[in-house]
Amino acid sequence: MIARPLPPVFDRELVARYDVNGPRYTSYPTAPQFRNDFGEAELRQAILASNE
């Protein structure tokens with residue numbers, strides 16, 4: 059016996075209700091906070107600080 063997937067069923071009212079723009083994805087930290095000189099020592103310090 060081969061299981062065949064059912065075709066998708068869309069509720070047009072539900073799709074229409076949520077067919078709006080949402081917030082865009084933002085990375086954390088935000089891009090302006092990235093630095094090339096961020097090394098292992100700073101990473102360890104940031105991890106310890108985030109656990110406080």
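This note's numbering applies: residue 59 is where the sequence shown begins, and numbers increase by one. For each residue, glycine too, the CB sits at the ideal point set by N, CA and C. This structure is a prediction, so every number in the text was calculated from the model and none was measured.
Where residue 102 falls: helix, strand or coil (DSSP): DSSP places residue 102 in helix when its eight states are reduced to three.
Under the three-state DSSP convention, the category residue 61 falls into: Coil, per DSSP.
Residue 93, DSSP secondary structure in three states: Here DSSP, grouped into helix, strand and coil, assigns residue 93 to coil.
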